Every structure is written in C-alpha cells, then in structure tokens.
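In UniProt numbering, the protein residues as written are 1 to 427.
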Amino acid sequence: MLVDPNPTDPQSRGDQYSSSRRAFMKTTGLTALGALLGMAVPFERNLPAGIIPVALAQDTGMDLMSGKKGLVVLGDRPLNAEVPAHLLDDDITPYEHLFVRMNGLVPQTALDQNAENWTLTIDGEVENPLELTIDDLKSRFENVTSRLVIECGGNGRAFFQPGTSGNQWTVGAVGCPEWTGVRLSDVLKEAGLKKTAVYTGHYSNDVHLSGDEEKEVISRGAPIAKVMEGDTIIAWAMNGEPLSALHGFPLRVIVPGYPASASQKYLNRIWIRDKEHDGAKMTGDSYRLPAYPVAPGTEVPESDMVVLTNMPIKSIVTFPETGTEVKAREQVEVRGHAWCGKGNVATMHVSVDFGQTWQEATLEPAANRFAWQRWRANVTLPQHGYYEVWARATDGDGISQPPLSPVWNPRGYANNIQHRIALVATA
Ligand SMILES: Nc1nc2c(c(=O)[nH]1)N[C@H]1C(S)=C(S)[C@@H](COP(=O)(O)O)O[C@H]1N2
Ligand SMILES: [Mo]
C-alpha cells in the first residue's frame with residue numbers, strides 16, 4: 001500500500017501531521033476555519049469543538065510524508081514506513097527513500113524546524129558538563145561527513161516463525177544516507193570522561209503517544225568503548241540538508257553498526273552513565289536478545305535478555321525489481337548492497353538455483369567504515385521459467401547470512417535471512 005492520500009480518521013492523524021491543524025487548534029474565532037481552507041464554510045458554527053475538519057487532517061498526513069515516495073506505511077500512530085527493496089538501489093539513500101520509524105510523535109520543534117533555543121547537554125560521569133548550541137557543535141569540533149547505514153533492529157521481523165509483536169518490517173527498514181556532524185568522541189573528550197563512565201544515555205523531546213509529557217518515548221545508548229571508536233557522530237545534516245522533521249531535526253546521534261534505536265533523533269541530552277543505560281526501551285524485551293539460543297516461542301526470563309549491539313551481516317538485492325522478466329541465456333546484471341554491524345563485509349555470493357550453487361559477486365570497497373557496499377553479479381538463466389536470486393553476504397569472521405530465519409528471539413530482532421527476489425526468464 002502506498003501512502004494513503006485520503007486518511008479517513010482525522011482524529012488519529014491530525015495532531016501529528018498538520019501544521020494547518022495546529023493553526024486551527026490555536027484559533028478560537030469562527031472565521032479562522034474559512035480562512036485556513038480558503039473558502040466559505042457555511043455550517044462552520046455547527047462544527048463541534050474538538051472535531052478537526054477532514055480537509056485539514058488530510059493536508060497534514062501529506063505534510064509529513066509528502067517528500068517520501070513509494071514507502072509502505074506499516075502504521076500511522078506512531079508513524080512507521082518501510083521501503084521496497086528496488087527503491088534502495090542508490091549508493092546514498094535519498095530522503096524520499098529512507099524508512100521512517102517513530103516510537104512516539106514528532107516533536108513540535110521538529111515540525112516547526114525551530115532550533116532557536118536548542119542545546120545539547122552532556123552530563124553525568126564527566127569532569128566538565130557541557131551545554132552546547134548547534135553553532136557550538138559546528139564551530140568547536142571538527143566537522144565530518146560520512147555514509148552510515150541505519151537499520152532498525154526489527155528489520156526482517158516479518159520472517160520469523162512464530163511471529164513476534166512489533167512492526168512487521170520485511171527488508172526495507174534500512175538505508176545509507178550521508179550524514180554531517182561531529183564525532184561524539186571529540187565532544188566527550190572535551191567533556192572529560194571520568195573513569196566511571198561506561199555507557200551513554202540519549203534523550204530527546206518527542207512526545208509519548210499518550211500525550212503525557214512526563215513519559216519518555218525512547219532513551220537508548222551505547223557503550224563508551226563503542227562511541228569512542230570515532231565512527232559515532234552527532235549529526236545535524238543528512239545528504240547536505242538540515243535534518244528533516246521525520247529524521248531528527250535539529251540533531252541526532254548515529255551509532256553505526258548498532259540497531260538504529262541507539263541513533264536517537266531530536267537529541268538534546270547525552271547522560272554519561274556509570275552502568276549500562278536503563279532508559280525507556282533499553283530494558284525488558286526491547287532491543288534485547290536471549291543470552292543463549294532458544295526454541296521458537298520460548299518465554300525467556302527478563303534476567304536472561306541482553307542488549308542487542310552489533311547488527312548481523314546482511315545484504316539486499318536492489319536491482320532488478322522482484323518479478324522482472326528477463327531473457328533466458330542472456331547475461332542479466334543483479335546488484336545490491338551489503339553491510340555489517342562490525343563493519344567487516346568480506347564476500348558476497350548469489351545463487352539462481354535455490355542455493356545449490358553460488359557465484360561470487362564483485363564487492364566494491366566501502367566509501368567509509370559502516371557505509372554499505374555495492375555488490376554486482378552477472379547471472380545467466382539457462383532456459384525459460386521461474387527463478388529466484390538469493391543473496392548471501394559473509395563477514396570477516398566467516399559468518400554468512402542464513403537461508404532461513406536465524407535463531408528466534410521473543411521480539412523478532414536481528415533477522416538477517418538471505419534476501420530473495422523472483423525473476424521470470426522468457427525463451
Ligand atoms: N527520538 C527518537 N529517536 C529515535 C526513535 C524515536 O522514536 N524517537 N526511533 C529509533 C528507532 S527504533 C529507529 S529504527 C530509528 C529510525 O530512524 P529514521 O526514522 O530516521 O529512519 O530512529 C531511532 N531514534
Ligand atoms: Mo528501530
């Protein structure tokens with residue numbers, strides 16, 4: 001399903017999406033509605049307070065998603081949308097084809113693109129707590145630009161059997177935009193880490209679905225050792241543009257290689273912890289795996305769950321689009337990307353005979369550590385009929401993507417099952 005241009009439930013969509021709706025809510029005079037719609041509203045006085053005109057709610061759904069193309073919306077409150085594989089063919093994922101994952105509601109500051117009074121606080125286990133404006137970040141630390149994969153920890157969840165709760169992402173909760181910002185390690189050096197510092201805790205100002213401003217939407221983090229490697233950045237731009245409302249305006253952290261839940265959007269505080277961070281969605285079953293393999297469907301005690309850190313080796317076929325017709329006995333280029341949480345993709349293989357034989361694909365070097373890598377292979381389909389291209393990446397430790405879902409876990413994370421597309425060969 002493409003983005004629904006005619007949302008039917010203005011109550012559930014309005015607040016999140018419509019600047020017009022907000023304008024409407026702020027007004028009290030009856031003449032305001034007509035002015036906002038640009039036409040007379042003969043029965044305006046009959047409109048009960050609290051009912052949002054459908055026209056305004058619709059306009060807002062489009063407000064937020066209007067720059068997105070071809071995404072599959074999994075839910076609208078919170079807003080979650082993934083990308084069909086063939087739309088992920090670019091080396092640098094453009095805005096229009098980057099998935100969206102919200103745990104709560106987009107904050108007002110992001111909707112308004114208002115960063116006037118934005119500060120980032122660095123506190124906790126540091127010698128000199130910092131309160132930095134965006135200009136401070138830009139001017140006091142070296143600026144870096146790099147292509148970094150972000151992938152939702154739940155990407156691939158839809159393939160687990162038995163199914164697990166959460167968004168049923170297939171393959172498209174991943175992308176590799178180019179981010180500009182500063183190294184978190186540089187900022188932490190300026191703050192001076194105490195010996196007791198072991199973990200980061202990320203905070204933002206998004207709004208809980210309940211509307212309760214006291215409730216945290218999500219607050220995750222990463223080990224100090226990971227972020228001090230220098231690849232983790234605090235970004236203010238994506239693909240050369242200021243961050244958008246959906247992707248974290250005005251600041252977000254990017255922890256490459258980790259589930260993207262660690263990459264807090266709308267970032268306003270990093271609390272340096274003396275223990276593993278225990279903010280919202282860091283504990284319980286959230287973004288955690290059993291410490292040992294379990295049979296599908298097992299109920300695992302909370303004390304046996306550990307935080308998901310490096311994402312597994314993975315690849316995607318981005319060309320051709322699944323279902324494409326090609327000619328038998330002629331070379332067909334297939335291609336895609338490969339990436340790995342440890343940043344060490346080693347080889348890439350494809351099979352067109354359901355995994356009986358594998359052919360090595362060429363693998364281009366990464367533009368920088370944690371960028372996804374282009375792979376290409378020319379395949380020839382021997383006669384007319386139905387084929388599948390199976391894609392399998394292998395990391396530097398010799399670990400390959402499995403043909404079936406990897407070991408099951410209660411919330412369906414880290415599924416790196418081989419991606420498959422269909423090809424139909426004509427005589
Ligand atoms: N503030 C905030 N940051 C967040 C989230 C969120 O809901 N709020 N979701 C996280 C999750 S689970 C993912 S997968 C990524 C999604 O990033 P994107 O929407 O820019 O693709 O953002 C992460 N950062
Ligand atoms: Mo996620």
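Where a beta carbon is used, it is the ideal one built from N, C-alpha and C, also for glycine. Model, not experiment: these values are computed from the prediction.
Distance check for R411 and G156, CA to CA, integer angstroms please.
Spanning the two alpha carbons is a distance of roughly 11 Å.
If you follow the alpha helix (DSSP H) that A110 is in, where does it begin and where does it stop?
Q108 to L111
Looking at the strands, I want to know which residues DSSP matches up with S139.
Per DSSP, none; premise fails for S139.
Helix, strand or coil: how does DSSP classify D76 here?
strand
M228: which of Y95, T200 and T309 sits nearest, CA to CA?
T200
Residue ranges of each beta strand (DSSP E) run of no fewer than 3 residues wholly in the stretch 366-420, ordered along the chain?
373-380 and 385-395
Leaving aside the five residues before and after A237 along the sequence, list all residues of the same chain whose C-beta is less than 6 Å from its C-beta, in chain order.
T180
I'd like the list of long-range same chain contacts for N368, defined as Cβ closer than 7 Å, with 5 residues on each side in sequence excluded.
S146 and R147.
Give a single yes or no on whether F99 has its beta carbon closer than 7 Å to a heavy atom of ligand 4.
Ligand 4 is absent from the structure shown, which contains only ligand 1 and ligand 2.
So what does DSSP say about H97, is it helix, strand or coil?
helix
Which residues mark the beginning and the end of the alpha helix (DSSP H) in which D186 is found?
L184 to A191
Give a single yes or no on whether P259 has its beta carbon closer than 7 Å to a heavy atom of ligand 2.
True, at least one ligand heavy atom lies under 7 Å from that Cβ.
Taking C-alpha atoms, which residue in I92, G284, A191 and Q168 lies nearest to N128?
A191
Bridge partners for residue 463 per DSSP, in chain order?
Examination of residue 463 is not possible in this model, given that the chain is present from 1 through 427 alone.
Taking the alpha-carbon positions, what's the L246 to G398 distance?
37 Å
In or out: E178 buried (at least 16 other Cβ within 10 Å) or exposed?
buried
Is the distance from the Cβ of A123 to the Cβ of W358 below 8 Å?
The amino acid at residue 123 is misidentified as Ala; the sequence shows Asp. Cβ distance not < 8 Å, so D123 and W358 don't count as in contact.
Taking the C-alpha atoms as reference points, what is the distance between P320 and E333?
8 Å
Grab the span of the alpha helix (DSSP H) containing V227 for me, first residue to last.
I224 to V227
Identify which residue in V41, A115 and N46 has its Cα closest to the Cα of F249.
A115
Inspect the beta-carbon positions of C176 and A371 and report whether they are closer than 8 Å.
yes
Could you tell me whether the Cβ of P301 comes closer than 8 Å to any Cβ of chain C?
Absent from the structure is chain C; it holds one protein chain and no more.
With 16 as the cutoff for other CB atoms within 10 Å, does F354 come out buried or exposed?
exposed
With DSSP collapsed to three states, give me the class of F43.
coil
What is the rounded straight-line gap between the Cα of L243 and the Cα of D285?
Going from the Cα of L243 to the Cα of D285 covers about 30 Å.
Who are the Cβ neighbours of P293 in its own chain at under 8 Å, not counting the five residues just before and after it?
V407
Measure the C-alpha to C-alpha separation of V253 and A235 and round it to an integer number of angstroms.
6 Å
Verify whether the separation of the beta carbon atoms of A328 and P382 is less than 8 Å.
In contact: A328 and P382 (Cβ atoms closer than 8 Å).
Within a Cβ cutoff of 8 Å, which residues of the same chain sit near P402, ignoring the five residues on either side of it in sequence?
N416, I417 and Q418
Sorted by chain position, which residues of the same chain lie with C-beta nearer than 8 Å to E104's C-beta, five sequence neighbours on each side aside?
According to the sequence provided, residue 104 is Gly. The question's Glu does not apply to it. Closer than 8 Å at Cβ, skipping near neighbours: P78, D206, V207, H208, L209, V217 and I218.
What is the residue span of the beta strand (DSSP E) that A237 lies within?
I233 to M238
What is the DSSP secondary structure of S351, counted as helix, strand or coil?
strand
By a C-beta neighbour count over all protein chains shown, 10 Å radius and 16 as the cutoff for buried, is F43 buried or exposed?
exposed
Could you give the first and the last residue of the continuous beta strand (DSSP E) run that contains W339?
That run of the beta strand (DSSP E) goes Q331 to W339.
List the residues that DSSP assigns as beta-bridge partners of F319.
DSSP, once it has assigned bridges, lists R335 as partnering F319.
Does the beta-carbon of C152, which I'm using as the reference point, lie nearer than 7 Å to any heavy atom of ligand 2?
yes
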